[in-house]
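Participant: In my numbering, the protein residues as written are 24 to 372. Idealized CB from N, CA, C, for every residue including glycine. Predicted model, so just to flag it, every value in this text is computed and none were measured.
1) Mind the definition here: the segment 287-301 touches the segment 56-66 only if three or more C-beta pairs lie below 8 Å; say whether that holds.
2) Tell me whether residue 225 sits in a helix, a strand or coil according to DSSP, three-state version.
3) At 4 residues or longer, what runs of the alpha helix (DSSP H) sit wholly inside the segment 186-258?
4) Out of curiosity, what's the CA-to-CA distance linking residue 332 and residue 295?
5) Count the other C-beta atoms from every protein chain shown that fall within 10 angstroms of the C-beta of residue 60, then say buried if there are 16 or more, exposed otherwise.
6) Residue ranges of each alpha helix (DSSP H) run of no fewer than 4 residues wholly in the segment 136-166, ordered along the chain?
7) Confirm, please, whether the CB-CB distance from residue 193 to residue 164 is below 8 Å.
8) Relative to the C-alpha of residue 280, which residue among 120, 91, 175 and 127 is closest?
9) What does DSSP give as the partner residue(s) for residue 176 in the beta ladder?
10) Pull up the DSSP beta-bridge partners for residue 168, would you.
11) Roughly how many whole angstroms lie between the Cα atoms of residue 123 and residue 317?
12) Residues in its own chain within less than 8 Å of residue 313 by CB, not counting five upstream and five downstream?
13) How many angstroms separate the CA atom of residue 249 from the CA atom of residue 283?
14) With DSSP collapsed to three states, give me the class of residue 346.
15) What is the C-beta distance between residue 222 and residue 247, in whole angstroms, given that I count them as a contact (C-beta under 8 Å)?
16) Skipping 5 residues on each side, what residues in its chain have a beta carbon closer than 7 Å to that of residue 134?
17) Between the Cα of residue 30 and those of 237, 78, 305 and 92, spot the shortest distance and give me the residue it belongs to.
18) When you compare the CB positions of residue 305 and residue 362, do they come within less than 8 Å of one another, or not?
19) Would you mind sorting residue 201 into buried or exposed? The rule is 16 or more other CB atoms within 10 Å of its CB.
20) Suppose contacts are defined by Cβ-Cβ distances below 8 Å. Is residue 338 in contact with residue 302 by that definition?
21) Taking the CB atoms as reference points, tell me whether residue 80 and residue 49 lie closer together than 8 Å.
22) Would the beta-carbon of residue 105 fall within 8 Å of that of residue 263?
23) Which of the three DSSP states, helix, strand or coil, is assigned to residue 296?
24) Where does residue 32 fall in DSSP's three states?
25) Which one of 218, 225 and 148 has the shortest CA to CA distance from residue 190?
26) Locate the alpha helix (DSSP H) running through residue 65, then write down its first and last residues.
27) Mind checking residue 44: buried by the 16 CB within 10 Å criterion, or exposed?
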């Protein structure tokens, strides 16, 4: 109990110092970046944005701060010969794992509730403020977007104004089951009806590739609930609860590719809250992977964060390119397998 309290206290001191320091540093850099890049924006507006961004940044940096804090804790214990003292007392290094596990689990829980209840609403306010005051744009206007409302339709909109329920310069491409282009519709204007999920296209230029017939229609009407679902998803970040609820309601009207992508994002977001715990345990275990060579020990613990970040980025990239949603689980599964093998092999010696 005393050992666990000692380790936990030291770790949380390092974590608090590192996370607060990184939060201030990142926002300090952000302030001068905005100051040098933006024109017709006052210093007060930039400072307001930075202050709004402090709490979201604080919670976003939990995984990085946990990794650095674990490295500092290991360095402190090593320099003070604490590992040697524990060995003399007959206490194995794996006895530190429960304390570190408790620290990581606590921070994962704090990070979850902090981001969902405190950070996310403030981050949405920050994003709104940035769009309206720094970029001079509205978050209800979407520019240059492709959508997949149905399995056989690709829709392009140069501008969508959700306040006015209008769209400019649209292009609809219809494909058959063999992915051959069947029909193309172009128009300078479209009217959106979010209530009944319809899109009205006046003066539509239509090209039928089967008959090679080009003609103009006075009004084309399309029922596209999938499009309005996409538009809802383009709004500011929802909570995990809302995101899961939305997916459960609309999965039947979404194309498989879109549902697969959104489900993968949701799973990745949930698993991301376990990163503080994984980084702490992974860094600590890597330190004891090569007990004979101290240089390799430090190289291994310094590689923990960038290595996991690269693997996770590859998984996210694969998800964006139509890989199945479970690809985002692979990085966490690999770390979990490594920790289990490590716990029952090397730490048993």
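Facilitator: So, to answer that:
1) They do not touch, by the three-pair rule.
2) strand
3) 248-256
4) Those two C-alpha atoms are separated by around 11 Å.
5) Exposed, by the Cβ-count rule.
6) 143-152
7) no
8) 175
9) Partner(s): 173 and 197.
10) 180
11) 21 Å
12) 319, 320 and 323
13) The alpha-carbon atoms of residue 249 and residue 283 are separated by roughly 14 Å.
14) DSSP, reduced to helix, strand and coil, places residue 346 outside both helices and strands of the structure shown, so it counts as coil.
15) Between residue 247 and residue 222 the Cβ distance is about 6 Å, and since that is below 8 Å, they are a contact.
16) Listed in chain order, the non-local C-beta contacts of residue 134 below 7 Å within the same chain comprise 82, 85, 296 and 299, local neighbours out to five positions each way being set aside.
17) Looking at the Cα atoms, 92 is the closest of the given residues.
18) Yes, they are a contact pair.
19) Residue 201 should be labelled exposed.
20) no
21) yes
22) no
23) coil
24) helix
25) 225
26) Run containing residue 65: none; DSSP gives neither H nor E here.
27) exposed
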